[in-house]
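To keep things clear, I will list the structure first and then write my remarks on it.
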Amino acid sequence: MELLFEKSVKGRKSHILPACDVELVKPSDSFKRVQELKLPELSENDVSRHYSALERRTYGVNNGFYPLGSCTMKYNPRINEVAASLPGFTEIHPLQPEHTVQGSLEVLNLAEKYLCEITGMDAMTFQPAAGAHGELTGIMLFKKYHEANGDAKRRSIIVPDSAHGTNPATAVMAGMKVVNINSGEDGCVDLDQLRAAVGEDTAGLMLTNPNTLGIFEKDILEITKIVHDAGGLVYYDGANLNAIMGVIRPGDMGFDCVHLNLHKTFATPHGGGGPGSGAVGCKSFLAGFLPKPHIVAEADAFKQVYDCPDSIGKVKSFNGNFLVVLRALTYIITLGREGIAEGAENAVLNANYLMKKLSTCYQVVNKGICMHEFVLTMEKEAKESHVTAMDIAKALLDNGIHPPTVYFPLIVPEALMVEPTETEGKEMLDKAAEVFISIYQEGMKDTAGIHQKPVTTVIGRPDEVKAARNPVLRYQP
Amino acid sequence: MGDYLSSTASQRQEMLKEIGLSSMEELYAQVPGPLILQNGPDLPEGKAELEVHETVRQMADKNHVFPVIFRGAGAYRHYIPAIVDTVVTKETFLTAYTPYQAEISQGILQSIFEYQTMICELTGMSASNASVYDGATAAAEAVAMCRERKRTKALISAAAHPDVIETVRTYCWSAGSEMELIPVKDGRTDLSALENMLDETTACVYIAQPNYYGILEETEKAGEIAHAKGAKYIMGVNPIAASILKTPGECGADVAVGEGQPLGLHLGFGGPYLGFMAAASAMIRKLPGRIVGETVDAKGNRAYVLTLQAREQHIRREKASSNICSNQALCAMAASVYMTSMGPGGMQEAAYQCMSKAHYLARELEKIGFSPAYEGEFFHEFVTKSPVDVQMLMEHLEENGILGGLPTSSGILWCTTEMNHKEDMDRLIRLIREVVK
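Sequences listed follow chains L and F, in order. So in this note's numbering, spot 450 of the first sequence is number 706, and the numbers just go up one at a time. So in this note's numbering, spot 234 of the second sequence is number 609, and the numbers just go up one at a time.
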């Protein structure tokens, strides 16, 4: 398909702006751009058709099943979009006087109140724009806390080998040393390893629970106690909160700080990669370190408090991805007390149901009940028949199903990580199970054939090595 | 109560039975009992969609939408062509994930490739990433890109946006590296002070064009000064202004960053916005975040993929160049649609109108005693002193539906865009006269 630049016709344009109604002023020569501005020149009809064609070459939750592990690709309710398109929200300047933005401040205050209740935290910031940004903010809180205690030597963050890649990358951005610990045989934190890893340099532990194998860390109270006893803090990576929202709270497990991926658990859309929102909640003893300003509800009005002497400062301009937070709040208002927990329970039910169906054919890593996701391994098939997790993923593309997350968690060879979410019905799960199984059976029969998949998509398997070796990162005529 | 579940109660029973359980509670059997919330979270009852709509509507109504805005300071009300929101609200773009599966994601991947190309054209740089969170975090990430083993200090213009300064300060503290502010003289970065501050520990210099006060900086000279002492040069640019001003590429920048909100994104009380980042060719592999590259598939068809992933957290973990994972992809798409529908002529027309109107307003304000705080050439923002109480003035404007300039410690920071008609500006002047007399 042609690029916008290839469709461009010199002199073609849309008429957007009226003529200038004041005397024209241009920058003086020393400031003037010399290089010609080569943007596409197209009519509105051209633009409309171009993006409609691109849309047809994209796969969204609206197109079908999306069991992408750890990404929680649940249905994104459209009322949330309606809320985020109200002019009373979209047309508000971030630096308007406080009394003219009471509605926006109420949104942030309510979202904080509800999400603190769901996570068992005492305060929350919405400045972080994404999960990784939230992690960084959270680890900055830890750093500031230890500094404030005169304990700046605490510069190690413990990360299990099953963790998301953002965890170790985050710790380094916060000037921390990463201490990796191996998981036990059951895929959970090995308590002895943890005990051996903590010490006087421990700033904290980063953990997701349920973990990336979809297993609830049953020793969680002991885990958080070990870290606390050593003087460290415990960080909850909220990527997997969907399994437990409204049922179990990170705060009750002993976590000191959490980030939420509002674009996962709270149903805001992923937008092809973003924008998300990485809200960060913490216990009261860390609240003074949160980014400023903090929104406070006073008797007559909501206030933005900038006088936060212990704050880590700002991590982003203005108030974070406000319209994303608004979508998440709309979702929570819709579901309410029962709906939130029911969502989690059905996410777990769907995962177990699909896992059971697939276990007749695939090697399942999980033993017993899983949480919101489970992991399959193609280790044996890859070794014996050269049919890999990637082959299964690519064959699914021909069958209208988005593949699970592949090759993650890293502790499972040839992993396929499946997260169906609660918004899929039984029929879809039955159908998906049939597809997964038939692909497996056909693939094992015709091992050469499965390496050629997909065959029905607009392109076949791309040459990724070429892309990285000779990077072509922009159009050149 | 609203929910978005599909299986009926009886289907759920069937499913439970299939997995050998008899109740939903048993799904959490492995969780220590005391951790289970007995009565659920303390939240209000759920609502039906109609009630939800009313509830959020009521909150929106508690905000005040100003029909006329003369305030910018990092967030700008520009005209957004109708096609922009039409495209970015398409369900598939809205709900797709990061395009890991290239075969079914060519639409998103191509749109990012096109976005990267437009950012390169706008900034005159060699390569762009697929976006970061906003202008402030883009600046902070750019500073991190420039840090070397022995060169760790960042020099940031004190005339940069306060949120940029604050965010870079936070990130530098976090990473354990130094940051210093380059002083401002007459509303401009003091380049002779910069010369004295540079030393062999300086990693980079950041200058905003135009700066927070709207003044145009001597960006070429700043780059020469930075490079003469071996430091990298980061330019933060307003993307509308960039269409008519000397590009970061022309000024010798190593990294160009900026807040992309003016490119078709709503004010939205501060977000989501768009951080754009582009680098000179030598710095490409230090760019953080997603980057899309062109390649071919097995049959030789042109194809797009996420590339250079060896920089990224999911591959490199603690050795990654940044932890960024989710970005602002849909906002980047809005920016592409904006730039395409405006076209090169439309972008530049918008820039000239912004600048022309600001100069008209500055002249009219000066006539009634609001003298400019600084002398330098400016783009679409400028600072004036006020002969009257600023608070009183702003309240009077607000009563008349106008959001006036931003009160700052150096004066009132005014902004105009193509949205501010001459008659609005004349009315603004009339209203101010009522306070001045």
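Heads up, the beta-carbon is just placed ideally off N, CA and C, and yes, glycines get one too. These numbers come from a predicted model, not from an experiment.
Can you give me the C-alpha to C-alpha distance between residue i and residue j, rounded to a whole angstrom?
i	j	result
A725 of chain F	T791 of chain F	11 Å
M377 of chain L	M520 of chain F	34 Å
A733 of chain F	H771 of chain F	21 Å
L573 of chain F	A529 of chain F	10 Å
A723 of chain L	K539 of chain L	46 Å
M509 of chain L	I411 of chain F	10 Å
A425 of chain L	H515 of chain L	16 Å
D379 of chain F	Y648 of chain F	The question names Asp, yet the displayed sequence has Tyr at residue 379 of chain F. Going from the Cα of Y379 of chain F to the Cα of Y648 of chain F covers about 29 Å.
G605 of chain F	G633 of chain F	23 Å
N517 of chain L	A386 of chain L	7 Å
D563 of chain L	K548 of chain L	8 Å
R522 of chain F	C579 of chain F	8 Å
A517 of chain F	I659 of chain F	12 Å
P506 of chain L	I743 of chain F	60 Å
G562 of chain F	D285 of chain L	20 Å
G325 of chain L	S486 of chain F	25 Å
Looking at the structure shown, is residue i part of a helix, part of a strand, or coil, going by DSSP?
i	result
L781 of chain F	strand
Q732 of chain L	coil
T759 of chain F	strand
A671 of chain L	strand
G537 of chain L	strand
V662 of chain L	strand
Y735 of chain F	helix
G668 of chain F	strand
H642 of chain L	coil
P747 of chain F	strand
G656 of chain L	coil
F398 of chain L	helix
C327 of chain L	coil
G562 of chain F	coil
N318 of chain L	coil
S716 of chain F	helix
Should residue i and residue j be called a contact, given that it needs their Cβ atoms to be closer than 8 Å?
i	j	result
T464 of chain L	D493 of chain L	yes
A435 of chain F	L342 of chain L	yes
G532 of chain L	V580 of chain L	yes
T545 of chain F	V571 of chain L	yes
V758 of chain F	S785 of chain F	yes
Q894 of chain F	I619 of chain F	Since the first residue shown for chain F is 376 and the last is 812, residue 894 of chain F is missing from the structure and cannot be characterised.
V620 of chain L	P665 of chain L	no
L591 of chain F	F754 of chain F	yes
A651 of chain L	P718 of chain L	no
L477 of chain L	P407 of chain F	yes
T393 of chain L	V561 of chain L	no
F488 of chain F	E693 of chain F	no
K482 of chain F	L310 of chain L	The question names Lys, but residue 482 of chain F in the sequence shown is Gly. Yes, they are a contact pair.
F321 of chain L	M684 of chain L	yes
S656 of chain F	S501 of chain F	yes
D538 of chain F	A511 of chain F	yes
I609 of chain F	Y588 of chain F	no
Mind pulling the chain C residues with CB within less than 7 Å of residue i?
i	result
E793 of chain F	Checking the listed chains, one finds no chain C in this structure; the protein chains it contains are L and F.
Taking only runs of the beta strand (DSSP E) that begin and end inside the region 591-661 of chain F, which ones reach a length of at least 3 residues, in chain order? Within the region 591-661 of chain F, the complete beta strand (DSSP E) runs of at least 3 residues are 607-612, 630-634, 650-654.
Closer than 8 Å, Cβ to any Cβ of chain L: which residues of the region 535-546 of chain F, in chain order? Listed by position along the chain: H536, D538, V539, E541, T542, R544, T545, Y546.
Positions along the region 425-439 of chain F whose CB lies within less than 9 Å of some CB in chain L: Residues E426, V427, H428, T430, V431, R432, Q433, M434, A435, D436, K437, N438, H439.
Would you list, in sequence order, the uninterrupted alpha helix (DSSP H) runs of no fewer than 4 residues that lie entirely inside the region 350-387 of chain L? Counting only runs of 4 or more, we get 358-375.
Against chain F, which members of the region 695-728 of chain L pass a CB distance test of less than 7 Å? Under the 7 Å Cβ criterion, the region 695-728 of chain L contributes P710, T713, V714, I715, G716, R717, P718, D719, E720, K722, A723, A724, P727, V728.
Please give me, in chain order, every unbroken run of the beta strand (DSSP E) with length at least 3 that falls completely inside the region 497-537 of chain L. You should have 513-515.
Please list, in chain order, the residues of the region 666-689 of chain F that have any C-beta partner in chain L closer than 9 Å. The residues in question are I666, V667, G668, E669, T670, V671, D672, A673, K674, N676, R677, A678, Y679, V680, L681, T682, L683, Q684, A685, E687, Q688, H689.
Which residues, in chain order, does the region 627-659 of chain L contribute to contact with chain F at a C-beta distance below 8 Å? Under the 8 Å Cβ criterion, the region 627-659 of chain L contributes A649, K650, L653, H658, P659.
At 4 residues or longer, and completely inside the region 691-719 of chain L: list those alpha helix (DSSP H) runs for me, N to C. Runs of the alpha helix (DSSP H) inside the region 691-719 of chain L: 703-707.
In chain order, what are the residue ranges of uninterrupted beta strand (DSSP E) at least 3 long that sit wholly in the region 414-491 of chain L? Those beta strand (DSSP E) runs which fall completely within the region 414-491 of chain L and span 3+ residues are 433-437, 458-463.
Anything in the region 274-285 of chain L with a Cβ closer than 8 Å to a Cβ of chain F? List those residues in chain order, please. From the region 274-285 of chain L, only C276, D277, V278, E279, L280, V281, K282, P283, S284 have a Cβ closer than 8 Å to chain F.
Jot down the residue ranges of each uninterrupted beta strand (DSSP E) in the region 546-621 of chain L, minimum 3 residues, whole runs only, in chain order. Within the region 546-621 of chain L, the complete beta strand (DSSP E) runs of at least 3 residues are 550-553, 558-561.
Taking only beta carbons into account, state which residues of the region 692-704 of chain F come closer than 9 Å to chain L, listed in chain order. If the cut-off is 9 Å between Cβ atoms, the region 692-704 of chain F has R692, E693, K694, A695, S696, S697, N698, I699, C700, S701, N702, Q703, A704 near chain L.
What residues from the region 774-789 of chain F come within 7 Å of chain L, judged by C-beta to C-beta, listed N to C? Per Cβ criterion, the list reads L778, L781.
Taking any Cβ of chain L, which residues in the region 740-754 of chain F have a Cβ under 9 Å from it, in chain order? Of all residues in the region 740-754 of chain F, E752, F754 have a Cβ within less than 9 Å of some Cβ in chain L.
Members of the region 559-589 of chain F that neighbour chain L once the beta carbon cut-off is set at 7 Å: Taking 7 Å as the Cβ-Cβ cut-off, the region 559-589 of chain F has no residue approaching chain L.
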